[in-house]
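Q:
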Amino acid sequence: MFDCPIGNADLTDTKQLLSETRAYLCIECGKCSGNCPVAARAVTATPRALVSRLVTGGLEAAAADYLFKACLACGQCMERCPSNVDFVGFIAGLRRLAPQKAVSSCPHAGVFQTAMRLMARLERPTGRVDWLRGLEKRAREDGKGPELRFELVEGAHGKHVPVQKTGSHPGEQRILYFVGCLPYFDAALAGSSGVDMAGIAVATIRVLNAMGVVPLVLADERCCGHDLLWAGDIEAFDTLACRNLEQLERAGANTVVTACAECARTLRLDYPVRVKVHASSTDRGERQDDGQSIGRRLAALAGSKSAAEFVHVTEFLTRAVDGLNAPGKQRASGPAGSSARRTRVAFHDPCRLGRHLGVYDAPRTVLSSLASIGVVEMARERDKAVCCGVSSWLYCDGVSKQMQTDRLREAASAGASVLATACPKCKAHLACALAELKSVAGGGTDSRTRGELPEIRDIIELAADELATR
Ligand code: SF4
Ligand code: SF4
1119 MFDCPIGNAD LTDTKQLLSE TRAYLCIECG KCSGNCPVAA RAVTATPRAL
1169 VSRLVTGGLE AAAADYLFKA CLACGQCMER CPSNVDFVGF IAGLRRLAPQ
1219 KAVSSCPHAG VFQTAMRLMA RLERPTGRVD WLRGLEKRAR EDGKGPELRF
1269 ELVEGAHGKH VPVQKTGSHP GEQRILYFVG CLPYFDAALA GSSGVDMAGI
1319 AVATIRVLNA MGVVPLVLAD ERCCGHDLLW AGDIEAFDTL ACRNLEQLER
1369 AGANTVVTAC AECARTLRLD YPVRVKVHAS STDRGERQDD GQSIGRRLAA
1419 LAGSKSAAEF VHVTEFLTRA VDGLNAPGKQ RASGPAGSSA RRTRVAFHDP
1469 CRLGRHLGVY DAPRTVLSSL ASIGVVEMAR ERDKAVCCGV SSWLYCDGVS
1519 KQMQTDRLRE AASAGASVLA TACPKCKAHL ACALAELKSV AGGGTDSRTR
1569 GELPEIRDII ELAADELATR
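Numbering (my numbering), first residue to last: 1119 to 1588.
(1) Kindly indicate which residue of Asp1583, Asp1388, Glu1584 and Phe1355 has the alpha-carbon position closest to the one of Arg1239.
(2) Could you say which of Arg1140, Ala1158, Gly1152 and Glu1146 lies nearest to Ser1518 if we only look at CA atoms?
(3) Let me know if Leu1571 comes out buried or exposed under the rule of 16 or more other beta-carbons within 10 Å of its beta-carbon.
(4) What does the Cβ neighbour count give for Cys1147, buried or exposed, with the cut at 16 atoms within 10 Å?
(5) Please tell me whether Ser1509 and Ala1191 are closer than 7 Å, where the distance is taken between their beta carbons.
(6) Express the C-alpha separation of Lys1545 and Asp1314 in angstroms, rounding to a whole number.
(7) Do the region 1229-1236 and the region 1363-1374 touch if we need at least three Cβ pairs shorter than 8 Å?
(8) Could you spell out the range, first to last residue, of the beta strand (DSSP E) harbouring Val1271?
(9) Can you grab the Cα-Cα spacing for the pair Arg1392 / Leu1416, in whole Å?
(10) Arg1171 and Gly1350 - do their beta-carbons sit closer together than 7 Å?
(11) In angstroms, rounded to a whole number, what distance separates the CA positions of Leu1336 and Leu1548?
(12) Looking only at its own chain, which residues have a Cβ that is under 8 Å from the Cβ of Arg1256, when we skip the five neighbours before and after it?
(13) May I ask you to list the residues that DSSP assigns as paired with Val1335?
(14) Looking at the strands, I want to know which residues DSSP matches up with Ala1464.
(15) Among Cys1342, Arg1498 and Asn1372, which has the Cα closest to the Cα of Asp1467?
(16) How big is the Cα-Cα spacing for Leu1385 and Ile1145?
(17) Using only the alpha-carbon positions, how far apart do Trp1249 and Leu1300 sit?
(18) Tell me, to the nearest whole angstrom, how far the beta carbon of Ala1540 is from that of Asp1576; I am working on the premise that it is less than 8 Å.
(19) Using the C-alpha atoms, what's the distance from Asn1362 back to Arg1340?
(20) Assuming contact is defined by CB atoms lying nearer than 7 Å, are Leu1294 and Leu1334 in contact in what I supplied?
(21) Is the closest heavy atom of ligand 1 to the C-beta of Gln1194 under 6 Å?
(22) Determine which residues share a DSSP beta bridge with Ile1293 and list them.
(23) Confirm the yes/no value for this check: CB of Leu1475, any heavy atom of ligand 1, distance under 6 Å.
(24) Based on Cα-Cα distance, which residue from Gly1507, Gly1211 and Ala1538 lies nearest to Leu1130?
(25) Taking 6 Å as the cut-off, does the CB of Gly1148 come closer than this to any heavy atom belonging to ligand 2?
(26) Can you check whether the CB of Val1463 is closer than 7 Å to the CB of Ala1538?
(27) Using a Cβ-Cβ cut-off of 6 Å (strictly less than) and excluding sequence neighbours within five positions of Leu1435, which residues of its own chain qualify?
(28) For chain D, check one thing: does any of its Cβ atoms lie closer than 7 Å to the Cβ of Arg1383?
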């Protein structure tokens, strides 16, 4: 795990960036380039060369580098750096210093990043209730299980007519499901790759319900801000963090569960850092504002109940599986018939869940607890896993597509008929490549692709499917 300090300071210049990320210690050994999946396919773009370009040519030159827009912040380069250069922090900081240059050229990004900025700026509710009503309708129609149960927590505006349901929280826990932006993705991606994002939200609520949890859901939840942070827009990020943390505080949630690897990283690592940064500058008397600024509101959250525990849903489920596997309890895993009848599933470690948060075992524990599934491992797994090819909707090109195609073939080589993810965006990007491959192969009728490439599913959907068969 690496705790990338991208939001640690109020970054002002390249000298500070080189110092804080230890990039000035680079000895130009090139080990990072050997591990970088982008450099492997676009050989002139290397992490080492980008650092060197900043030092010799300044910010303009560095921002013109291919890697400035194409770096995935996947962290593979950092696994081998002998000087412990925080390259992920470096690229994030570089984009913070030149955010206008990080404007996306990814086909969908204009839509998503505009939606994220609107969620930061708009004072009025974002229509969260409508998402949930859509999900409820979906759940009624798919026939896989009982009605979804959740408890809606109103935003500050109080103008909603919420669907209130009775909550159930074991012990003193108040468990909140942070949905993330995946319902937005569904609307934008519909028809382009056949990908189903809202199904992840339906499945998450369904599995939590099956565990006896009726989660709280924020009626006016906003985007977590991940993509804006990694695109360098720290002001919009702080605004989103503030709006979400204030609502979490109001909801009194002490455990926040998300099915998105990016939300998990952002809530767990980046929100506390930004609260701390603003609290420190307030303590030092550096703030000259009217007391209602986003910075002051974030500072006021220091030490509050918003210090909830933030967990990925696979971590949350693993605790239940571990409980069931404790001595004297019914086993949660184990064969339900012949292993030959089980679906062979490979797990794709999302960068934000794996290298960023160090969560490798929980998804595998959940998968292996599903009796209908046999887990297989790909050649590159855990900290060696390769990124899904697109980060923060910033950039997508032939290099991205090659990475995704390689990953699909790697899963097929491992004998998997399903490639499971634990991040909605990994699902979207891998499904996009799969759809393209099938279309190139003649609408999926070519056995070279149709028969060999795996279906893309989220772990939580697999868990919900299994519950539906019990
Ligand atoms: S973070 Fe990933 S994509 Fe970016 S330079 Fe490092 S290895 Fe390459
Ligand atoms: S691995 Fe580290 S020290 Fe070596 S070139 Fe890359 S950044 Fe520099």
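For each residue, glycine too, the CB sits at the ideal point set by N, CA and C. Predicted model, so just to flag it, every value in this text is computed and none were measured.
A: Reading it off the structure:
(1) On the sequence shown, residue 1239 is found 121 positions in, with the first residue counted as 1. Looking at the Cα atoms, Phe1355 is the closest of the given residues.
(2) Counting from one through the sequence shown, the residue named residue 1518 turns up at place 400. Ranking the options by Cα distance to Ser1518, first place goes to Ala1158.
(3) As a first step, residue 1571 must be located in the sequence shown, where it is residue number 453. Label assigned to Leu1571: buried.
(4) Counting from one through the sequence shown, the residue named residue 1147 turns up at place 29. Exposed: under 16 other Cβ atoms inside 10 Å.
(5) Counting from 1 along the sequence shown, the entry for residue 1509 is found at position 391. Counting from 1 along the sequence shown, the entry for residue 1191 is found at position 73. Yes, they are a contact pair.
(6) By 1-based counting over the sequence shown, the position of residue 1314 is 196. By 1-based counting over the sequence shown, the position of residue 1545 is 427. Whole-angstrom Cα-Cα distance: 9 Å.
(7) no
(8) Within the sequence shown, numbered from 1, the residue matching residue 1271 stands at position 153. It spans Glu1269 to Val1271 - the beta strand (DSSP E) in which Val1271 sits, taken as one unbroken run.
(9) Position 274 of the sequence shown, counting from 1, holds the residue named residue 1392. Position 298 of the sequence shown, counting from 1, holds the residue named residue 1416. For Arg1392 and Leu1416, the distance between alpha carbons rounds to 8 Å.
(10) Here residue 1350 refers to the residue found at position 232 when the sequence shown is read from its first residue. Here residue 1171 refers to the residue found at position 53 when the sequence shown is read from its first residue. Against a cut-off of 7 Å, the Cβ pair of Arg1171 and Gly1350 comes out as no contact.
(11) What you label residue 1336 is simply residue 218 of the sequence shown in a count that begins at 1. What you label residue 1548 is simply residue 430 of the sequence shown in a count that begins at 1. Rounded to the nearest angstrom, the two C-alpha atoms are 29 Å apart.
(12) The residue you call residue 1256 lines up with position 138 of the sequence shown. Cβ within range, chain order: Ala1316, Gly1317 and Val1320.
(13) Translated into the one-based positions of the sequence shown, residue 1335 becomes position 217. For Val1335, which the question treats as bridged, DSSP gives the partners Leu1270.
(14) Looking up residue 1464 in the sequence shown gives position 346. BP columns for Ala1464 point to Val1494 and Leu1537.
(15) Your numbering for residue 1467 matches position 349 in the sequence shown. It is Arg1498.
(16) In the sequence shown, residue 1385 corresponds to position 267, counting from 1. In the sequence shown, residue 1145 corresponds to position 27, counting from 1. Their Cα atoms are separated by approximately 34 Å.
(17) Counting from one through the sequence shown, the residue named residue 1249 turns up at place 131. Counting from one through the sequence shown, the residue named residue 1300 turns up at place 182. Distance between the alpha carbons of Trp1249 and Leu1300: 10 Å.
(18) Here residue 1540 refers to the residue found at position 422 of the sequence shown. Here residue 1576 refers to the residue found at position 458 of the sequence shown. Indeed, because the Cβ distance is near 7 Å, the residues count as touching under 8 Å.
(19) By 1-based counting over the sequence shown, the position of residue 1340 is 222. By 1-based counting over the sequence shown, the position of residue 1362 is 244. Each residue's alpha carbon lies about 6 Å from the other.
(20) Position 176 of the sequence shown, counting from 1, holds the residue named residue 1294. Position 216 of the sequence shown, counting from 1, holds the residue named residue 1334. Yes, the pair counts as a contact, with Cβ atoms nearer than the cut-off.
(21) In the sequence shown, the residue the question calls residue 1194 occupies position 76. Answer for Gln1194: yes, Cβ within range of ligand 1.
(22) The count along the sequence shown starts at 1 and reaches residue 1293 at position 175. Answer is Thr1373.
(23) Residue 1475 sits at position 357 when you count from the first residue of the sequence shown. No.
(24) What you label residue 1130 is simply residue 12 of the sequence shown in a count that begins at 1. The question names Leu, but residue 1130 in the sequence shown is Thr. Answer by Cα proximity: Gly1211.
(25) Position 30 of the sequence shown, counted from the first residue, corresponds to residue 1148. Under cutoff, so the answer is yes.
(26) Taking the sequence shown and counting its residues from 1, the one referred to as residue 1538 is at position 420. Taking the sequence shown and counting its residues from 1, the one referred to as residue 1463 is at position 345. Yes; because the gap between Cβ atoms is below 7 Å, this pair is in contact.
(27) For the purposes of this step, residue 1435 is taken as residue 317 along the sequence shown, with counting starting at 1. These residues qualify, in order along the chain: Val1484.
(28) In the structure shown, chain D does not exist; there is a single protein chain.
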